[in-house]
Amino acid sequence: MTAAPGSTSQNTQVYLPDFSAAGTLFIVLLVAELVAIVLTLAAYTPDGEFLILLSKTSFFVLWLALLGSAIMCQLRSRLERAGKTRAFVISFFVLQLMCLAVAEIAWQLPWRLTGTGIVDSPHADFLLRTFAISSIILALAMRYLYVSSEWRSSIVLEAQARISALQALIRPHFLFNSMNTIASLTRTDPRQAEEAVEDLSDLLRASLSSTRNLTSLKEELEVAAIYQRIEKLRLGDRLSIRWDIGELPMRARIPSLTIQPLIENAIYHGIELLPDGGEVLVSGKRDDRSVQILVSNPVAPGKSRDKDGNKMAMTNIQQRFELAFGSRASVDVDDSNDRFAVTLRFPFDEGTS
Amino acid sequence: MKVLIVDDEKPARDRLRQILDDEEAYVVVGEAGNGVEALEIAARETPDIVLLDIRMPGMDGMETAHHLNAMDSPPAVVFTTAYDEYAVDAFDARAIGYVLKPVRRSRLAGALEQATRLVSNTLSQVAADANLNSQRQHVCAHAHGELKLIPVHEITSFLADQKYVSVDHDSGNDLIDDSLKSLEAEFGDRFVRIHRSALVAVDRIDRIEKNAEGKSRIVLRDDSQPEDKELIISRRHVAEVKRRLKES
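Heads up: the sequence lines are chains A and B, in that order. Position 92 of the first sequence, counting from 1, maps to 1151 under the numbering used here, and the rest follow consecutively. Position 131 of the second sequence, counting from 1, maps to 147 under the numbering used here, and the rest follow consecutively.
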């Protein structure tokens, strides 16, 4: 199929191929001819008329294919706007109608013109057979197009998630502040500067290597801990993090860099704006099938400017959870109290992981 | 040249001090971890230049710069920031000095040389351009040569009194330099104008009533208003005051 995955904008996706393109048309005709051969083979009785039967069937089927392509070509832009499911239902019925109309003409026209029919079977019988066969073939074709468009959109989703992961990586703010801290420490405390460089490297490596993969909860929490060490150098006593994660299954799989950005947010939008700092709470719960992780931070009164940046990070995480777990995972934000809290829920399968 | 360093992060302050200690021309006269502390030290040490972090808890760099400007001999200000493209664009556009973290020796020297005093007006515009919070959380008053910060949420009213504006707040009454017009522009969401020369905090108003002469007057929640300073609403402003009261 020729259509490129939704390159123009995020929401409108191309799910019907361009039937006016030569490549597509060739494939449609090829498939039509193969169908004709199958039909002829199935109906063949050995009295030496195979080629005659094949040419008659081909003639009919190719007409259907060409007309069908022409119709789809005309309808395509309108169908794309109608939405996916509706587009498939509408095109199915329109094409079905066209098949019946062509069948009717194929039966009637030779009679009108020459007085003899080229179709051997009775009128009603012929229409019924055309209807049944075209239903099956159209349904198969639609199914094929639907699945391949689903596949394409999952590629788009994955690409978006990968970009999101890249965006989630390291905020410029964090990077520059850390560099500044390190520059300062090289004189006052070279050993700590050394550790900070090592930590920062680990963090960068973790973020580069795992933008698309799932990682274990253990590794993700380690990355978060490294991140905490670096921020602690900068913020000193103002930052404390309470880890209440003993209950969590460390082997559980989670999209990488999803907990760390939550802590980053908690620090950037919460702790950094509080003169005396505060405590970030990371707590985890589990039941038979799912894991729940909550990250919360105190909020400075009357700070509204940072909402947007926060939202972007949340969208990031949401997208990547959706890709990894579909609807079985959720990301919930609660800012109704004096703390800002985000809860991640995702499935965990004891047996396989 | 006397320099004051203001940043909420200790390593960042250390870094600036390290660089400045190597320079003959500059003497670090103090380090402050937040805006309020910075103003106290600035009043005491009268620095020539203040290196000011933009993003700080409590009173941020922009507001601190505003209050520094209100001093008798305001210092020049150089902002420091790790990454804020909007702010940097706004600073460039209005030729305001800044340095980016990690701070480079050569760039800091350059910025310090170019540091000039800011005008409050420019500062407000920059804050707006940079999408930074342009509303102060304090107004500052000069009392006996000292800088006094009055939290905006403790203020009941601003009353224009010839050359100054008098501020009624929870712990007394002070005079400030700001004009009533600029105060109304900045704090219009909290305060409502009741006549030509008075702004009153909407959340401090209990109700409106008629006095003996049939004029509308404001009754404050804590009923602290002395008899001789009745808050009369001029006829032009009655409708607006009523609307704001209903909204709150």
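The beta-carbon is built from N, C-alpha and C at its ideal position, and this holds for glycine as well. All figures in this text were calculated on a predicted structure; none of them were measured in a lab.
Mind pulling the chain A residues with CB within less than 7 Å of residue i?
i: Y99 (chain B); result: P1231, H1232 and F1235
i: P118 (chain B); result: F1235, M1238, N1239 and A1242
Taking only beta-carbon positions, decide if residue i is within less than 8 Å of chain E.
i: R31 (chain B); result: Given the protein chain composition of this structure (A and B), no chain E is represented.
With a threshold of 8 Å between beta carbons, is residue i in contact with chain A?
i: A28 (chain B); result: yes
i: K226 (chain B); result: no
i: N189 (chain B); result: no
i: N85 (chain B); result: no
With a threshold of 8 Å between beta carbons, is residue i in contact with chain B?
i: R1246 (chain A); result: yes
i: M1238 (chain A); result: yes
i: L1292 (chain A); result: yes
i: A1295 (chain A); result: With the sequence shown as reference, residue 1295 (chain A) is identified as Gly, and Ala is not the correct amino acid for it. Yes, because at least one Cβ of chain B sits closer than 8 Å to the Cβ of G1295 (chain A).
i: T1071 (chain A); result: A caution first: T1071 (chain A) carries a pLDDT of 43, below 50, which makes its placement in the model unreliable, though a value can still be read off. No, no contact with chain B.
i: M1060 (chain A); result: Only weak support is given to the placement of M1060 (chain A): the predicted model assigns it a pLDDT of 35, under 50, and the value that follows is read from those uncertain coordinates. Output row for M1060 (chain A): interface = no.
i: Y1286 (chain A); result: no
Is DSSP giving residue i helix, strand or coil here?
i: G1336 (chain A); result: coil
i: V104 (chain B); result: helix
i: R1364 (chain A); result: The predicted model places R1364 (chain A) with a pLDDT of 45, which falls under 50 and marks its position as unreliable, so this point remains unresolved.
i: I1326 (chain A); result: helix
i: K57 (chain B); result: The sequence given here has Ile at residue 57 (chain B), not Lys. Of the three classes helix, strand and coil, the one that applies to I57 (chain B) here is helix, per DSSP.
i: V115 (chain B); result: strand
i: D30 (chain B); result: helix
i: R1387 (chain A); result: helix
i: P1357 (chain A); result: strand
i: R223 (chain B); result: strand
i: V218 (chain B); result: helix
i: K18 (chain B); result: strand
i: T1175 (chain A); result: coil
i: T1402 (chain A); result: strand
i: D1077 (chain A); result: coil
i: K258 (chain B); result: helix
i: K1344 (chain A); result: strand
i: A1165 (chain A); result: helix
i: D69 (chain B); result: strand
i: D1184 (chain A); result: helix
i: T1083 (chain A); result: helix
i: D1393 (chain A); result: strand
i: E263 (chain B); result: helix
i: T1374 (chain A); result: helix
i: I1352 (chain A); result: strand
i: P1320 (chain A); result: helix
i: I1313 (chain A); result: strand
i: E1209 (chain A); result: helix
Output, in chain order, the set of chain B residues within a Cβ distance shorter than 9 Å of residue i.
i: G1385 (chain A); result: Ordered by position in chain B, no residue passes the 9 Å Cβ test against G1385 (chain A), which lies about 35 Å from the chain.
i: A1359 (chain A); result: P73 and G74
Give the residues of chain B in contact with residue i, contact being defined as C-beta atoms less than 8 Å apart.
i: S1243 (chain A); result: P27, A28, D30, R31 and Q34
Does the distance between the C-beta of residue i and the nearest non-hydrogen atom of the ligand GTP fall short of 7 Å?
i: T1274 (chain A); result: With respect to the ligand GTP, the structure shown offers nothing to examine, as it has no ligands at all.
- At a Cβ cut of 7 Å, what residues of the segment 1324 to 1354 of chain A count as close to chain B, listed as they run along the chain? Going along the segment 1324 to 1354 of chain A in chain order, one finds E1331, L1332, L1333 and P1334 with a Cβ nearer than 7 Å to chain B.
- Mind pulling the alpha helix (DSSP H) runs of 4 or more residues that sit fully within the segment 1093 to 1153 of chain A? 1109 to 1141
- Residues of the segment 56 to 74 of chain B whose Cβ lies closer than 8 Å to any Cβ of chain A, in chain order: Those residues of the segment 56 to 74 of chain B placed with their C-beta closer than 8 Å to a C-beta in chain A are R71, P73 and G74, ordered along the chain.
- List in chain order: all unbroken beta strand (DSSP E) runs of 3+ residues lying wholly within the segment 147 to 205 of chain B. 154 to 159, 162 to 167, 171 to 177, 180 to 185 and 188 to 192
- Message: Which runs of the alpha helix (DSSP H) at least 4 residues long sit entirely within the segment 1243 to 1308 of chain A? Give them in chain order.
- Response: 1249 to 1268 and 1276 to 1294
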